[in-house]
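What follows is a set of notes on a single structure, which appears directly below.
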Amino acid sequence: MLKKISNNIWKLGLDSNLYLLDFDQKIIIDTGDRIKSSVLKLLLPKLIALDKVEKVIFTHLHYDHIGNADLFPNAEFFASKQEIKDFKENPEFTVLDAEIIARMKFLDEKLKPMVNMNGLQTINTPGHTRGSICLWYEKDKVLFTGDTYFGGNIETGVNLCVGRTDLPTSISEEMKKSLEKVKKIQEQNKNLKLCPGHDYCGAD
Ligand SMILES: [Zn+2]
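In my numbering, the protein residues as written are 36 to 239.
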């Protein structure tokens, strides 16, 4: 279930996908579904001690991407400003600890490389939720899309599934523009590796 994506990036399937970025800082993107916590506790420590994770970045705050956040006691948590606002207004069905919500930090650095995160860049991609983001790691041409894409092959378009936009904080009218942003990156970067939020569509 652990899969190597590049030299210093790994993927762990937890109903939604968790990604570990073994950069200068140890970064996790999304923390999977709570029901998969035993899988996380069993497999992720093969790569990193959980208390050594320094940053957790959420592509968005749906329950199946934020379960297990409490397993990273020393991490700082990030999501987009819009996502945190929407989440605080309606935390129904949440599996995120109130203490973690309180110390969540905004991440709205549109396409700006993040200092100390090996140049990881944030792209605001509203659609699946109003505050959804993608993360772009140019050096290895890895694009983390959260649920902007559920899965599939972005190069060939085979089985490529766009995330649903009929959920409470979805904004379907923005999805087209967000996909165009992602498409542009893909066109400029051959052999881009898509790291979607799920693998619903026969990905990889
Ligand atoms: Zn979602």
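Note that the Cβ used here is the ideal one computed from N, Cα and C, for glycine as well.
With 16 or more neighbouring CB atoms inside 10 Å of its own CB, Met139 falls in the buried class. Non-local C-beta neighbours of Ser51 in its own chain, meaning closer than 7 Å and more than five positions away in sequence, comprise Asp65, Gly67, Asp68, Asp99, His100, Gly232, His233, ordered along the chain. Contact between the segment 115-130 and the segment 55-62 is absent: fewer than 3 CB-CB pairs across the two stretches fall below 8 Å. Remark: fewer than three beta-carbon pairs, one from each stretch, lie closer than 8 Å, so the segment 70-88 and the segment 160-173 are not flagged as touching.
Taking 6 Å as the cut-off, the C-beta of Asp182 counts as close to a heavy atom of ligand 1.
Contact check for Leu37 against Leu53 fails: the beta carbons are separated by 7 Å or more. Cα atoms of Gly181 and Gly102: separation of roughly 14 Å, rounded to the nearest angstrom. The DSSP-derived three-state label of Glu111 is strand. Judged by DSSP in its simplified three-state form, Leu96 adopts coil rather than helix or strand. Boundaries of the alpha helix (DSSP H) harbouring Asp121: 116-124, taken from the DSSP string. In the DSSP annotation of this structure, Ile40 is not part of any alpha helix (DSSP H); the continuous beta strand (DSSP E) holding it starts and ends at 37-41.
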